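The sequence shown runs contiguously to residue 193 in the numbering used here.
Glycine included, each C-beta is placed from N, C-alpha and C at the ideal position.
Note that the coordinates shown come from a computational prediction; the quantities given were computed from them, not determined experimentally.
Notes for the one structure printed next.
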Amino acid sequence: ATSVQSMGELLRDCRACVCCLGHNLSFEGIYGPSARLVADAAALVCDAAAGVGVSASASAVATSDVEPFRLVLLSSAGVDNPDGSERALRSPGERAFLMALAALLPPQADNVEAARVVADASGSCAAIERVIVRPDDLLEGVGDAYVASPTLLNGIFDAKETHIEAVG
Numbered sequence: 026a027t028s029v030q031s032m033g034e035l036l037r038d039c040r041a042c043v044c045c046l047g048h049n050l051s052f053e054g055i056y057g058p059s060a061r062l063v064a065d066a067a068a069l070v071c072d073a074a075a076g077v078g079v080s081a082s083a084s085a086v087a088t089s090d091v092e093p094f095r096l097v098l099l100s101s102a103g104v105d106n107p108d109g110s111e112r113a114l115r116s117p118g119e120r121a122f123l124m125a126l127a128a129l130l131p132p133q134a135d136n137v138e139a140a141r142v143v144a145d146a147s148g149s150c151a152a153i154e155r156v157i158v159r160p161d162d163l164l165e166g167v168g169d170a171y172v173a174s175p176t177l178l179n180g181i182f183d184a185k186e187t188h189i190e191a192v193g
């Protein structure tokens, strides 16, 4: 475990951070002690960026004197925008299924919490800009270009293929 101060030192000369942590597909990876791996790491980066001097002040960002600290969180298509704006894009059955997944599988709950942590941090600190990337089925190899969209394009029962190389 790293402290906020240590993370701040690591990020001091950075203007961006990409968080692409995930859980191993093993019993230990799913139900082991790292159940909050992604949410805890996201909180650590956000706290360091906001509190240890990595990020500029809100007034400096507002006057364009300094670029904001940018945080990219790799999540999953099973995670909604924490502001609730995508609720209508999912069927009641899909929402119920995702709630059950979060209750039964700690990695799903972790991804949901990580998105909330990042959204809360960018909402409370103007010097942090965030984007949560939520690819569908993430596959290796070359594929079509990744389409960036402010909302979900399809549900989890209508997943499209996304290739790792295209997301980069």
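Query	Result
Alpha-carbon to alpha-carbon, residue 76 and residue 60	25 Å
Neighbourhood of residue 84 by C-beta, 8 Å cutoff - its chain only, sequence neighbours within 5 removed	Reliability fails at residue 84, whose pLDDT of 49 lies under 50, so the model's placement of it is uncertain and no value is given.
Residue 179 beta carbon less than 9 Å from that of residue 121	no
beta-carbon residue 60 near the ligand HEM non-hydrogen atom, thresh 8 Å	Absent from the structure shown: the ligand HEM. Ligands present: none.
Residue 71 (DSSP reduced to helix, strand or coil)	helix
Three-state secondary structure (DSSP) of residue 104	coil
Euclidean distance between Cα positions of residue 108 and residue 38	31 Å
Anticipated Cβ contact below 8 Å, residue 127 with residue 98, distance rounded	Their Cβ separation, rounded to whole angstroms, is 17 Å, which puts residue 127 and residue 98 out of contact at 8 Å.
Environment of residue 138 [buried if 16+ CB atoms lie within 10 Å]	buried
Opposing strand residues paired with residue 94 [DSSP bridges]	153
Start and end residues, beta strand (DSSP E) containing residue 164	162-164
Boundaries of the beta strand (DSSP E) in which residue 41 is found, first to last residue	41-44
Nonlocal neighbours in the same chain, by C-beta distance under 6 Å from residue 142, ignoring five residues either side	64, 67, 68
Bounding residues of the alpha helix (DSSP H) (the contiguous stretch that carries residue 53)	52-56
Residue 144 beta carbon less than 9 Å from that of residue 159	no
Nearest-angstrom Cα separation, counted from residue 30 out to residue 182	42 Å
Outcome for residue 28 when other beta-carbon atoms lying within 10 angstroms are tallied against a minimum of 16	exposed
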